[in-house]
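A short write-up of the structure that comes next.
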Amino acid sequence: MAIRTIVRLTPAKPKAGENVKLQVVAQHPNEPGTRKDAEGKIIPAKYINQVEVYFEGEKVAEAKPGPSTSANPLYGFMFKAEKAGTFTVKLKDTDGDTGEGTVKLELA
Amino acid sequence: MNRRAFLKTAGVALGALALAGVPARAQALEGEDLAKLEKALQEVLGKGFKDLTPSDLIKLNMPAIAESGANVPAEVEVNLPPGQVKAIHLFADKNPTPHLVAFMPMKALPYYATRVRLAETSAIRAVVETADGKFLLASASTRVTVGGCG
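Line by line, the protein sequences are chains B and Z.
Counting in our numbering, the first sequence runs from 615 upward without gaps.
Counting in our numbering, the second sequence runs from 391 upward without gaps.
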């Protein structure tokens with residue numbers, strides 16, 4: 615199942631040389647494997663353990679979150695805006711499910 | 391105690407705290423658990439707690455109190471040139487899995503924000519691996535009212 619991934623930039627249209635925040639929100643339960651359901655059985659772990667950021671096809675950042683990330687997680691990165699282009703964020707969880715989101719960087 | 395008296399007492403207590411000016415690092419952090427952290431550090435970095443150098447270059451933003459441990463914002467910013475930072479790690483002493491995240495900035499600026507689960511009141515550590523092989527440390531402490539892992 616694909617992970618719903620939303621990516622946005624703040625500010626939306628930065629000036630060249632300005633810092634821009636890239637925020638990624640994923641719709642995912644991120645089960646740490648320590649929580650129990652109503653019957654007391656442990657819910658198996660299933661969490662996003664790989665976040666990759668690409669800019670124009672080049673990998674520019676990578677995070678490996680552990681099981682202690684909250685549900686519907688947020689990942690925030692910061693870049694220096696130099697030229698216009700497209701950010702692509704690829705997510706992968708422990709079951710191999712993937713998600714992808716893109717956002718266009720336009721300079722003011 | 392009525393509200394006014396409480397506010398007055400609280401104000402005096404805070405003032406005294408500020409006057410004392412105790413450096414935060416000299417005190418033990420609330421929820422500190424070095425034994426567990428040590429194990430996680432060895433597993434992830436192959437280093438111990440004493441190999442880490444406390445540094446003012448790292449800014450670790452954590453709330454002092456979190457109502458729910460299920461969703462605690464964490465933000466770390468490193469005041470070093472981008473190429474100098476190889477990886478940023480976050481640890482929570484008291485979590486079942488203390489290692490929260492490993493972040494490799496590559497072309498990004500040395501900044502990372504996320505939301506984490508905290509099992510209970512815990513010390514949070516940001517460990518920065520620099521390009522020249524040094525390990526820098528910043529610590530914070532977050533009090534949790536309801537745990538996020540159970």
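Note that the Cβ used here is the ideal one computed from N, Cα and C, for glycine as well.
Quick check on DSSP: helix, strand or coil for residue i?
i: Pro444 of chain Z; result: strand
i: Met615 of chain B; result: coil
i: Leu470 of chain Z; result: coil
i: Lys629 of chain B; result: coil
i: Ala640 of chain B; result: strand
i: Lys426 of chain Z; result: helix
i: Leu435 of chain Z; result: helix
i: Val395 of chain Z; result: Contrary to the premise, residue 395 of chain Z reads as Ala rather than Val in this sequence. Looking at Ala395 of chain Z - three-state DSSP - the assignment turns out to be helix.
i: Lys694 of chain B; result: strand
i: Ala414 of chain Z; result: In this prediction, Ala414 of chain Z scores a pLDDT of 46, lower than 50, which makes its location untrustworthy; no coordinate-derived value is stated.
i: Ala464 of chain Z; result: strand
i: Glu714 of chain B; result: strand
i: Asp709 of chain B; result: coil
i: Glu457 of chain Z; result: strand
i: Gly699 of chain B; result: strand
i: Leu721 of chain B; result: coil
Pop quiz: residue i and residue j are said to be a contact at Cβ under 8 Å. What is the actual Cβ separation, rounded to whole angstroms?
i: Ala643 of chain B; j: Pro681 of chain B; result: For clarity, residue 643 of chain B is Pro in the given sequence; the question names Ala instead. Incorrect: roughly 12 Å between the Cβ atoms, too far for contact.
i: Lys484 of chain Z; j: Gly436 of chain Z; result: The Cβ separation is near 22 Å, so there is no contact.
i: Ala698 of chain B; j: Gly631 of chain B; result: Not confirmed; about 13 Å, so no contact.
i: Glu457 of chain Z; j: Ala503 of chain Z; result: Incorrect: roughly 19 Å between the Cβ atoms, too far for contact.
i: Leu490 of chain Z; j: Ala482 of chain Z; result: 6 Å
i: Gly713 of chain B; j: Leu705 of chain B; result: 4 Å
Only counting the same chain, and skipping five residues up and downstream in sequence, which positions put a Cβ closer than 6 Å to that of residue i?
i: Pro702 of chain B; result: Correcting the residue type first, residue 702 of chain B is Thr in the shown sequence and not Pro. The residues are Tyr668 and Thr716.
i: Lys629 of chain B; result: Ala722
i: Val621 of chain B; result: Val638, Val703, Gly715 and Val717
i: Gly537 of chain Z; result: Gly459, Ala509 and Glu510
i: Ala685 of chain B; result: Pro643 and Asn644
Quick one: residues in its chain with C-beta nearer than 7 Å to the C-beta of residue i, no 5 flanking neighbours on either side, listed in chain order?
i: Val412 of chain Z; result: Here the model assigns Val412 of chain Z a pLDDT of 46, short of 50, so the residue's position is not dependable, and the following value carries that caveat. Excluding sequence neighbours, Val412 of chain Z sits near nothing in its chain.
i: Asp441 of chain Z; result: Phe525
i: Pro625 of chain B; result: Val634
i: Thr708 of chain B; result: Ala659, Lys660, Tyr661 and Asn663
Considering only residues of the same chain and omitting the five flanking positions on each side of residue i, which have a CB-CB separation below 8 Å?
i: Glu676 of chain B; result: Gln664, Val665, Glu666 and Val667
i: Ser445 of chain Z; result: Val518, Leu526, Leu527 and Ala528
i: Lys678 of chain B; result: Asn663, Gln664 and Val665
i: Ser531 of chain Z; result: Leu419, Glu420, Gly421, Glu422, Met452, Ala454, Thr511, Ser512, Ala513 and Ile514
i: Lys497 of chain Z; result: Pro472
i: Leu499 of chain Z; result: Pro472
Checklist entry - Residues in the segment 658-689 of chain B with C-beta within 8 Å of chain Z's C-beta atoms, listed in sequence order? => result If the cut-off is 8 Å between Cβ atoms, the segment 658-689 of chain B has Val667, Phe669, Glu672, Lys673, Val674, Ala675, Glu676, Ala677, Lys678, Pro679, Gly680, Pro681, Ser682, Thr683, Ser684, Ala685, Pro687, Leu688 and Tyr689 near chain Z.
Item to check | Residues from the segment 428-455 of chain Z in contact with chain B, defined by Cβ distance under 9 Å | outcome: The residues in question: there are none.
Next on the checklist: Restricting to runs no shorter than 3 residues, where is the beta strand (DSSP E) found entirely within the segment 471-526 of chain Z?
Outcome noted: For secondary structure counted as the beta strand (DSSP E) over 3 or more consecutive residues, the segment 471-526 of chain Z holds these complete runs in sequence order: 475-482, 489-494, 501-506 and 512-520.
Checklist entry - Along the segment 487-516 of chain Z, what residues have a CB closer than 9 Å to any CB found in chain B? => result Residues Thr487, Pro488, His489, Leu490, Val491, Ala492, Phe493, Met494, Pro495, Met496, Lys497, Ala498, Leu499, Pro500, Tyr501, Tyr502, Ala503, Thr504, Arg505, Val506, Arg507, Leu508 and Ala509.
Item to check | Minimum length 3: unbroken beta strand (DSSP E) runs contained in the segment 637-682 of chain B | outcome: Correct list: 662-669 and 672-679.
Checklist entry - What residues in the segment 615-626 of chain B bring their beta carbon closer than 7 Å to a beta carbon of chain Z? => result Result list empty, no residue passes.
Checklist entry - What residues in the segment 474-486 of chain Z bring their beta carbon closer than 8 Å to a beta carbon of chain B? => result So the close ones are Ala482, Asn485 and Pro486.
Next on the checklist: Can you pull out the residues from the segment 686-714 of chain B whose beta carbon lies closer than 7 Å to at least one beta carbon of chain Z?
Outcome noted: Across the segment 686-714 of chain B, CB contacts with chain Z closer than 7 Å involve Pro687, Leu688, Tyr689, Gly690, Phe691, Met692, Phe693 and Lys694, in sequence order along the chain.
Next on the checklist: For the segment 634-649 of chain B, list every residue whose C-beta sits within 7 Å of some C-beta in chain Z, in sequence order.
Outcome noted: Residues passing the 7 Å Cβ filter: Pro646, Thr648 and Arg649.
Next on the checklist: Taking beta-carbon pairs under 9 Å, can you tell me which members of the segment 460-475 of chain Z lie near chain B?
Outcome noted: Listed by position, the residues of the segment 460-475 of chain Z near chain B (Cβ gap below 9 Å) are Ala460, Asn461, Val462, Pro463, Glu465, Glu467 and Pro472.
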